[in-house]
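Participant: Dropping the structure in here first, questions after.
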Amino acid sequence: MRIHEKLNFTPFLADLGFCQDRDGRDLVVAILKATYRFTERGALSPAEPEAALPVFRADVHHGDPATTSVRYASDIVPAKPGTDVALNGHAYARGRKEVEAGIRIGAVEKTLTVFGPRRWAGGWPVVVAGPVAFDRVPLCYENAFGGSYQDGPRGSVVFLENPAGVGFDKAVQDLAPLPNLDWKRPRFKSVKDRPPPASLGFIPPGWKQRARFAGTFDAAWHKTRRPLLPLDLDERFYNAVPQDQVLRPKLTGGERLQLRNVHPTAEAIVIEIPKAEFVATFRVKDRSEAVPMVADTLLVEPDEHRIAISYRATCVLGNDFRYLRSVAFEAAEAEPATHREGARVTTSRLSHA
969 MRIHEKLNFT PFLADLGFCQ DRDGRDLVVA ILKATYRFTE RGALSPAEPE AALPVFRADV
1029 HHGDPATTSV RYASDIVPAK PGTDVALNGH AYARGRKEVE AGIRIGAVEK TLTVFGPRRW
1089 AGGWPVVVAG PVAFDRVPLC YENAFGGSYQ DGPRGSVVFL ENPAGVGFDK AVQDLAPLPN
1149 LDWKRPRFKS VKDRPPPASL GFIPPGWKQR ARFAGTFDAA WHKTRRPLLP LDLDERFYNA
1209 VPQDQVLRPK LTGGERLQLR NVHPTAEAIV IEIPKAEFVA TFRVKDRSEA VPMVADTLLV
1269 EPDEHRIAIS YRATCVLGND FRYLRSVAFE AAEAEPATHR EGARVTTSRL SHA
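The end of the sequence shown is residue 1321 by our numbering, with every number in the run present.
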């Protein structure tokens, strides 16, 4: 066990996490979580402390992790190609039966068609009952296409891209609910359709959309590589959103974030992302390394009038966490942390098995 310090010279929350890279080297991951409040006109200000989102060391689900989607994705990853763009919240129809709702920033543009409650109506021909007028619908994978059904001796058949969803079946079940969320040009029109799930939130690492990037866990890996990660692991595995929600190149500030029909009172909101650069300075054994922080995640929560940007820097520790002495978080243009006072200092005991 070793004691290390966090020195935070910024107004935002900072924390550390630990993981390993593909080759089994120990890494320390420094995360700075910048949370802002926004107005209907798009004006931003730093969030008050009680409204600031923490650094998440593990995924936080909407309910039971075995059956629900992810509300907050873990910030502790060794790498992340591009910036994840995610939204937690609702689509607002204000009494309509369907509405287009979505998000746009840079090359990421995703618009969903959101329906009010609707169901299969059995008989011949099969028809859809609804949609009915609605006020708001949660923009989560539980309301997108997916789910599972029972198929006699075969047991449960699961839609691996979204086990938490609704509408996946081999035949029409009278009064069975249908997905509220579909693509801008709807793709779910019959019980035989198998569209990709349409949502704006995070996805767990075990779902097919992410698991396909995890690499090959075959007999050769078991014999020659285990317990290390596969050599063919694709770093896109660490993106906690579908690839159409990954901003490339990474977020740098100055981008325009556009929201449509996802706010309780404003149909459209435009926000300019703050330009901010941060550095994490790692003191490891007898060396010091300043690493520019990159924006890994942009999370938008319109119901809370909140956005949060997760900045990450990673340092290789080798194979001994005990060598870590301190990590300082500061604005990139600031003088070196070792020459200043006024940091929020946190002392932690480091324990790693």
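Cβ atoms here follow ideal geometry from the backbone N, Cα and C, with glycine treated the same way.
1) Look at the alpha carbon of Gly-992 and the alpha carbon of Asp-1212, and state the distance between them as a whole number of angstroms.
2) Jot down the residue ranges of each uninterrupted beta strand (DSSP E) in the segment 1178-1251, minimum 3 residues, whole runs only, in chain order.
3) Using only the alpha-carbon positions, how far apart do Gly-1010 and Ile-1237 sit?
4) Who are Thr-1081's beta bridge partners in DSSP?
5) Assign Ser-1124 to one of two classes, buried (16 or more other C-beta atoms within 10 Å of its C-beta) or exposed (fewer than that).
6) Got a sec, what are the start and stop residues for the beta strand (DSSP E) Glu-1008 sits in?
7) Rank Asp-1161, Trp-1151, Asn-1130 by C-alpha distance to the C-alpha of Val-1140 and give the top, closest one.
8) Which word fits Leu-1199, buried or exposed, when buried means at least 16 other C-beta atoms lie within 10 angstroms of its C-beta?
9) Within its chain, find whatever has a CB closer than 6 Å to the CB of Thr-1306; leave out the 5 residues flanking it on each side and keep chain order.
10) Can you check DSSP and say which residues form a bridge with Glu-1110?
11) With DSSP run on the structure shown, which of helix, strand or coil describes Gly-992?
12) By Cβ distance below 6 Å, which residues in the same chain neighbour His-1273 in space, the five residues on each side in sequence not counted?
13) Can you confirm whether the segment 1038-1051 touches the segment 1018-1027 when touching is taken to mean that 3 or more C-beta pairs between the two stretches lie within less than 8 Å?
14) Could you check what DSSP says for Phe-1289 in three-state terms: helix, strand or coil?
15) For the beta strand (DSSP E) that Gln-1118 lies in, which residues bound it at each end?
16) Could you tell me whether the segment 1053-1072 touches the segment 1226-1234, using the rule of 3 or more Cβ pairs below 8 Å?
17) Within the chosen definition, does the segment 1165-1178 reach the segment 1203-1211 through at least 3 CB pairs nearer than 8 Å?
18) Pick out whichever of Pro-1106, Ala-1188, Pro-1093 has its Cα sitting closest to the Cα of Val-1159.
19) What is the rounded straight-line gap between the Cα of Ile-1241 and the Cα of Gly-1074?
20) Which two residues bound the contiguous beta strand (DSSP E) that contains Leu-1055?
21) For Leu-975, count neighbouring C-beta atoms within 10 Å of its own C-beta (all shown protein chains included) and say buried if the count is 16 or more, exposed if not.
22) What first and last residue would you give for the beta strand (DSSP E) that runs through Glu-1269?
23) Below 8 Å on the Cβ atoms is my guess for Val-1259 versus Phe-1250; work out the distance and round it to an integer in Å.
24) Inspect the CB distances between the segment 1093-1104 and the segment 1183-1195 and report whether three or more fall short of 8 Å.
25) If Arg-1280 and Ala-998 are in contact, beta carbons under 8 Å, what's the gap, nearest whole angstrom?
26) On a Cα-Cα basis, can you pick out the residue from Leu-1219, Val-1284, Val-1096 that is closest to Thr-1265?
27) Quick one: using the 10 Å Cβ neighbour count with 16 as the cut-off for buried, is Phe-1113 buried or exposed?
28) Where does Pro-1145 sit, in a helix, a strand or coil, going by DSSP?
29) According to DSSP, is Tyr-1026 helix, strand or coil?
30) Taking buried to mean at least 16 other C-beta atoms within 10 Å of its own C-beta, is Ala-1321 buried or exposed?
Facilitator: Answer, in terms of the structure:
1) 30 Å
2) 1224-1228, 1236-1240
3) 6 Å
4) Glu-1068, Asp-1150
5) exposed
6) Taken as a continuous stretch (DSSP letters only), Glu-1008 belongs to no beta strand (DSSP E), as it is neither H nor E.
7) Asp-1161
8) exposed
9) With a pLDDT of 49 at Thr-1306, under the threshold of 50, the modelled position of that residue is not reliable, and the figure given next carries that caveat. No residues qualify anywhere along the chain.
10) Glu-1110 is not bridged to any residue.
11) coil
12) Arg-1005, Phe-1006
13) yes
14) helix
15) 1116-1118
16) yes
17) yes
18) Pro-1093
19) 11 Å
20) 1051-1055
21) buried
22) 1262-1269
23) 7 Å
24) no
25) 7 Å
26) Leu-1219
27) buried
28) strand
29) Note that residue 1026 is Ala in the sequence shown here, rather than Tyr. DSSP places Ala-1026 in coil when its eight states are reduced to three.
30) Confidence at Ala-1321 is low in this model, with a pLDDT of 39, below 50, so the placement of that residue should be treated as unreliable; the coordinate-derived value is given next. Exposed, since its Cβ has fewer than 16 Cβ neighbours within 10 Å.
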